[in-house]
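**Q**
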Amino acid sequence: MSFVHLLMLAALAAAQQGDGASPESGFFEGQWAFEDEACGLPTNWVMMSGGMFVSEDLTGSWEWRDEKLLLRLTDLAEDEETGEQGGKFQMEGPVELLGQDGFTFIIEPDRYEMKRCKD
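So the sequence shown is residues 4 to 122, counted in the working numbering.
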């Protein structure tokens with residue numbers, strides 16, 4: 004088998020492994036709702052170009068890095084029991100794509116199913 008044939012086989016194998024595997028960073032831009040919630044609610048996630056993240060009681064940044072979604076957030080809500088302000092926290096985990104309009108954000112043991120909200 005020639006070197007060219009080996010390269011072609013390697014390219015074909017890589018293409019077959021990557022069917023639907025990894026989104027580009029721009030995939031996450033837009034408004035997202037939890038699968039069981041309606042779009043247009045203040046709890047929807049809005050991930051803007053440039054890495055800004057906004058939701059009802061959350062603000063911060065998002066980043067797609069090393070095949071994981073990283074959210075660096077500040078909770079603006081008061082704790083109902085203690086009355087204390089929320090704090091900063093981070094969520095990081097892999098995603099499973101559910102087509103072009105959905106993904107599952109995996110932070111073991113939790114799985115957050117998100118759907119894209121369209122204008």
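Note that beta-carbon positions come from the ideal geometry of N, C-alpha and C, so glycine has one too. These figures come from a predicted structure and were not determined experimentally.
#1: Are the segment 98 to 105 and the segment 73 to 88 touching by the rule of at least three beta carbon pairs closer than 8 Å?
#2: Going by other Cβ atoms of all chains shown within 10 Å of its Cβ, with 16 needed for buried, is Leu44 buried or exposed?
#3: Identify which residue in Asn47, Met51, Thr46 and Glu70 has its Cα closest to the Cα of Ile109.
#4: With Glu66 as the anchor, note down where its beta strand (DSSP E) starts and where it stops.
#5: Which residue's Cα is closest to the Cα of Arg119: Pro112, Thr62, Met51 and Gly105?
#6: Is DSSP giving Gly43 helix, strand or coil here?
#7: Measuring from the CB of Ile109, is there a heavy atom of the ligand FMN at a distance below 7 Å?
**A** Reading from the atomic positions:
#1: no
#2: exposed
#3: Glu70
#4: Leu61 to Arg68
#5: Gly105
#6: coil
#7: Questions concerning the ligand FMN fall outside what the structure shown contains, since it holds no ligand whatsoever.
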